[in-house]
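K.L.:
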């Protein structure tokens with residue numbers, strides 16, 4: 004009995020490996036539809052090269068960087084939009100530069116709230132709860148305070164929640180929203196990294 | 004019974020949290036010498052802020068970046084040396100630029116062989132072995148061929164093993180060694196990232 008393999012999966016495997024259509028289909032059937040596994044099957048048969056990271060581009064946008072004077076801190080950031088036309092505008096470029104500068108100066112750890120792992124949130128909640136032990140406050144009040152403290156935590160570690168380094172009264176999110184309104188496309192920070200010399204040791 | 008806490012560990016926790024010496028020592032004892040755990044203890048008592056990523060600098064060096072024309076590919080790289088004096092020389096800066104360019108063009112996945120996870124090596128070995136099944140070659144010969152294929156794998160995915168994009172007859176490692184000989188300090192690539200627009204989707 005063979006699994007039904009969608010044509011688009013076969014096409015994806017062909018694009019990634021350069022192997023023939025029938026070979027890709029057979030490999031996918033053998034792998035139960037798992038594309039990684041099917042690639043290994045093809046490679047064992049000598050029909051595919053080691054797959055490079057899938058380079059398919061779903062979004063438009065730009066990669067920007069910022070190196071702080073002296074070269075001890077550097078940032079790489081990807082900001083997405085919907086068309087390359089918008090990605091090339093001065094407004095978009097300025098936003099990218101500001102966001103990279105924000106990451107360099109304020110060292111956020113996540114681009115958005117959804118990127119914060121659940122176990123980190125649980126650890127934070129546990130710490131806040133312990134801090135209020137014996138406070139005598141009723142449970143619902145304590146829960147409200149915990150959510151409030153979590154808000155401050157987001158403002159420290161989540162890029163879009165951080166106060167802007169240009170104007171601490173404004174959140175980074177608002178600068179992004181202003182660009183969205185002006186350019187008429189959805190814009191979001193896909194990812195960033197911040198390197199500081201020596202911190203890996 | 005209490006654990007003996009080395010003075011330098013207490014100092015490190017103080018530097019990271021800003022809490023007092025006795026409080027840090029007590030927290031470390033409670034945490035059995037685990038600095039992460041001790042930080043949580045201090046925070047529960049309201050004695051420390053959420054620790055920022057430890058910024059202690061063990062090595063010197065620089066952070067460099069390269070954005071490919073059009074802004075669709077970007078690289079951030081950290082190269083370490085022993086003194087800031089060397090990090091600021093033109094030779095070092097040129098090496099950094101060349102290495103960033105190499106990462107952008109040849110897309111390595113690891114800085115050095117030690118960074119390749121053991122399970123990836125095992126997967127590769129398994130694939131090579133399967134490719135030679137039924138070849139009739141004696142086992143020792145097969146093992147030699149496998150090691151040879153692994154060498155080619157390293158040349159694909161490990162930065163220092165890659166052929167230089169400037170001169171494919173020369174490995175990237177040799178360019179680094181030439182800089183080491185000229186500048187008289189140990190130089191190594193600590194880490195790098197390569198972003199391509201849209202590849203996270």
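Residue numbers (this note's numbering), protein chains in the order written: chain S, 4 to 204; chain A, 4 to 204. Where a beta carbon is used, it is the ideal one built from N, C-alpha and C, also for glycine.
Would you say residue 35 of chain S lies against chain A (beta-carbon separation less than 8 angstroms)?
P.N.:
On the first chain, position 32 is the one that residue 35 of chain S refers to. So, not an interface residue.
K.L.:
Taking Cβ-Cβ distances shorter than 9 angstroms, what residues in chain S pair up with residue 163 of chain A?
P.N.:
The count along the second chain starts at 1 and reaches residue 163 of chain A at position 160. Those within 9 angstroms of residue 163 of chain A in chain S number zero; the least Cβ separation is about 16 angstroms.
K.L.:
Taking the alpha helix (DSSP H) that residue 97 of chain S falls in, what are its first and last residues?
P.N.:
The count along the first chain starts at 1 and reaches residue 97 of chain S at position 94. Taken as a continuous stretch (DSSP letters only), the alpha helix (DSSP H) holding residue 97 of chain S covers 93-109.
K.L.:
Measure the beta-carbon distance from residue 105 of chain S to residue 167 of chain S and round it to whole angstroms, keeping in mind my assumption that it falls under 8 angstroms.
P.N.:
Start at 1 with the first residue of the first chain, and residue 105 of chain S comes out as number 102. Start at 1 with the first residue of the first chain, and residue 167 of chain S comes out as number 164. Rounded, the Cβ-Cβ distance is 7 angstroms, consistent with contact.
K.L.:
Take residue 163 of chain S and list the residues in its own chain whose beta-carbon comes closer than 6 angstroms to its own, dropping the five residues that flank it on each side.
P.N.:
As a working mapping, residue 163 of chain S is identified with position 160 in the first chain. Once the five neighbours on either side are set aside, the close Cβ partners of residue 163 of chain S are 115, 175, 176.
K.L.:
CA-CA distance, residue 150 of chain A and residue 199 of chain S?
P.N.:
Start at 1 with the first residue of the second chain, and residue 150 of chain A comes out as number 147. Start at 1 with the first residue of the first chain, and residue 199 of chain S comes out as number 196. Whole-angstrom Cα-Cα distance: 36 angstroms.
K.L.:
Run through DSSP, which three-state label would residue 158 of chain S get?
P.N.:
If you number the first chain from 1, residue 158 of chain S lands on position 155. Residue state, collapsed to three classes: helix.
K.L.:
Quick one: list the residues of chain S neighbouring residue 203 of chain A, beta-carbon separation under 8 angstroms, in chain order.
P.N.:
Counting from one through the second chain, the residue named residue 203 of chain A turns up at place 200. Going along chain S in sequence order, the residues near residue 203 of chain A (Cβ under 8 angstroms) are 81, 193, 194.
K.L.:
Counting Cβ pairs closer than 8 angstroms, one from the stretch 65-74 of chain S and one from the stretch 65-72 of chain A, do we hit at least three?
P.N.:
Yes, since at least three Cβ pairs between the stretch 65-74 of chain S and the stretch 65-72 of chain A fall closer than 8 angstroms, the two stretches touch.
K.L.:
Please report how far the alpha carbon of residue 178 of chain A lies from the alpha carbon of residue 78 of chain A, in whole angstroms.
P.N.:
Residue 178 of chain A sits at position 175 when you count from the first residue of the second chain. Residue 78 of chain A sits at position 75 when you count from the first residue of the second chain. Those two C-alpha atoms are separated by around 19 angstroms.
K.L.:
Which residues does DSSP list as the beta-bridge partners of residue 195 of chain S?
P.N.:
The residue labelled residue 195 of chain S in the question sits at position 192 within the first chain. DSSP output for residue 195 of chain S lists S/80 as bridge partner(s).
K.L.:
Buried or exposed, going by whether 16 or more other CB atoms sit within 10 Å of the CB of residue 122 of chain S?
P.N.:
Indexing the first chain from 1 puts residue 122 of chain S at position 119. The residue is exposed, with fewer than 16 neighbouring Cβ atoms inside 10 Å.
K.L.:
Rounded to whole angstroms, what's the CA-CA distance from residue 128 of chain S to residue 153 of chain S? Just pull it up for me.
P.N.:
Start at 1 with the first residue of the first chain, and residue 128 of chain S comes out as number 125. Start at 1 with the first residue of the first chain, and residue 153 of chain S comes out as number 150. Cα to Cα, the separation comes out at about 7 angstroms.
K.L.:
How far does the alpha helix (DSSP H) with residue 19 of chain S in it reach, from first residue to last?
P.N.:
Here residue 19 of chain S is taken as the residue at index 16 of the first chain, counted from 1. 10-20 is the span of the alpha helix (DSSP H), which, as asked, contains residue 19 of chain S.
K.L.:
Would residue 42 of chain S pass as a contact of residue 51 of chain S if the rule is Cβ separation under 8 angstroms?
P.N.:
By 1-based counting over the first chain, the position of residue 42 of chain S is 39. By 1-based counting over the first chain, the position of residue 51 of chain S is 48. Yes.
K.L.:
Since I believe residue 185 of chain S is in contact with residue 134 of chain A (beta carbons under 8 angstroms), could you give me their beta-carbon distance rounded to a whole number of angstroms?
P.N.:
As a first step, residue 134 of chain A is located in the second chain; it is residue number 131 there, counting from the start. As a first step, residue 185 of chain S is located in the first chain; it is residue number 182 there, counting from the start. Contact doesn't hold; Cβ gap of about 56 angstroms is too wide.
K.L.:
Given a cut-off of 8 angstroms, decide if residue 201 of chain S and residue 189 of chain A are closer than it, judged by their beta-carbon atoms.
P.N.:
Counting from one through the second chain, the residue named residue 189 of chain A turns up at place 186. Counting from one through the first chain, the residue named residue 201 of chain S turns up at place 198. In this structure, residue 201 of chain S does not lie closer than 8 angstroms to residue 189 of chain A by Cβ.
K.L.:
So which residues of chain S does residue 108 of chain A contact, with C-beta pairs closer than 8 angstroms?
P.N.:
In the second chain, counting from the first residue as 1, residue 108 of chain A sits at position 105. Neighbours of residue 108 of chain A on chain S: none; closest Cβ ~13 angstroms, over 8 angstroms.
K.L.:
From residue 165 of chain S to residue 103 of chain A, what distance separates their C-alpha atoms?
P.N.:
Looking up residue 165 of chain S in the first chain gives position 162. Looking up residue 103 of chain A in the second chain gives position 100. Rounded to the nearest angstrom, the two C-alpha atoms are 30 angstroms apart.
K.L.:
Who are the near neighbours of residue 22 of chain S in its chain, counting only those whose CB is closer than 6 angstroms to its CB and skipping five residues on each side?
P.N.:
Locating residue 22 of chain S in the first chain gives position 19, where the first residue counts as 1. Contacts found: 45, 50, 51.
K.L.:
So, helix, strand or coil for residue 63 of chain A, using DSSP?
P.N.:
Position 60 of the second chain holds residue 63 of chain A. Three-state result, residue 63 of chain A: strand.
K.L.:
In the structure shown, what three-state DSSP assignment does residue 171 of chain A receive?
P.N.:
Counting from one through the second chain, the residue named residue 171 of chain A turns up at place 168. It is coil, neither helix nor strand.
K.L.:
Near residue 194 of chain A, which residues of its chain fall below 7 angstroms by C-beta distance, leaving aside the five closest residues on each side in sequence?
P.N.:
Within the second chain, the letter at position 191 stands for residue 194 of chain A. Answer for residue 194 of chain A: 81, 114, listed in chain order.
K.L.:
With DSSP as the reference, label residue 143 of chain A as helix, strand or coil.
P.N.:
For the purposes of this step, residue 143 of chain A is taken as the residue at position 140 of the second chain. Residue state, collapsed to three classes: helix.
K.L.:
Looking only at C-alpha atoms, which of S/182, S/31, S/16, S/197 sits nearest to residue 108 of chain S?
P.N.:
Indexing the first chain from 1 puts residue 108 of chain S at position 105. The option with the nearest alpha carbon to residue 108 of chain S is S/197.
K.L.:
Kindly give me the distance between the Cβ atoms of residue 24 of chain S and residue 13 of chain S, rounded to whole angstroms, as I take these residues to be in contact under 8 angstroms.
P.N.:
Position 21 of the first chain, counted from the start, is the residue given in the question as residue 24 of chain S. Position 10 of the first chain, counted from the start, is the residue given in the question as residue 13 of chain S. Going by Cβ atoms, the distance from residue 24 of chain S to residue 13 of chain S rounds to 6 angstroms, so yes, they are a contact pair.
K.L.:
Quick check: the Cα distance between residue 144 of chain A and residue 39 of chain S, rounded to an integer number of angstroms?
P.N.:
Position 141 of the second chain, counted from the start, is the residue given in the question as residue 144 of chain A. Position 36 of the first chain, counted from the start, is the residue given in the question as residue 39 of chain S. Spanning the two alpha carbons is a distance of roughly 29 angstroms.
K.L.:
Please list, in chain order, the chain A residues whose beta carbon lies closer than 7 angstroms to that of residue 68 of chain S.
P.N.:
Here residue 68 of chain S corresponds to residue number 65 of the first chain, with the count starting at 1. Correct list: 68, 70, 77, 79.
K.L.:
Residue 92 of chain S CB to nearest chain A CB: under 8 angstroms?
P.N.:
Sequence index remark: in the first chain, residue 92 of chain S carries index 89 (1-based). No - not a single Cβ of chain A is within 8 angstroms of the one on residue 92 of chain S.
K.L.:
Count the other CB atoms, across all protein chains shown, that sit within 10 Å of the CB of residue 11 of chain A; report buried if there are 16 or more and exposed otherwise.
P.N.:
In the second chain, the residue the question calls residue 11 of chain A occupies position 8. So residue 11 of chain A ends up on the exposed side.
K.L.:
Could you give the DSSP three-state label for residue 70 of chain S: helix, strand or coil?
P.N.:
Numbered from its first residue, the first chain carries residue 70 of chain S at position 67. Strand, per DSSP.
K.L.:
Between residue 95 of chain A and residue 181 of chain A, how many whole angstroms is the CB-CB distance? I'm expecting something under 8 angstroms.
P.N.:
Within the second chain, numbered from 1, the residue matching residue 95 of chain A stands at position 92. Within the second chain, numbered from 1, the residue matching residue 181 of chain A stands at position 178. Between residue 181 of chain A and residue 95 of chain A the Cβ distance is about 12 angstroms, and since that is not below 8 angstroms, they are no contact.
K.L.:
May I have the straight-line CA-CA distance separating residue 111 of chain A from residue 146 of chain S, to the nearest angstrom?
P.N.:
Here the question's residue 111 of chain A lines up with position 108 in the second chain. Here the question's residue 146 of chain S lines up with position 143 in the first chain. So the two alpha carbons sit approximately 48 angstroms from each other.
K.L.:
Interface residues of chain C around residue 63 of chain S at Cβ under 8 angstroms?
P.N.:
This model lacks chain C altogether; the protein chains it does include are S and A.
K.L.:
Rounding to the nearest angstrom, what Cα-Cα distance links residue 17 of chain S and residue 156 of chain A in this structure?
P.N.:
Here the question's residue 17 of chain S lines up with position 14 in the first chain. Here the question's residue 156 of chain A lines up with position 153 in the second chain. Approximately 21 angstroms between the Cα atoms of the pair.
K.L.:
In whole angstroms, give me the CA-to-CA distance for residue 89 of chain A and residue 101 of chain A.
P.N.:
The residue given as residue 89 of chain A occupies position 86 in the second chain. The residue given as residue 101 of chain A occupies position 98 in the second chain. Distance between the alpha carbons of residue 89 of chain A and residue 101 of chain A is about 17 angstroms.
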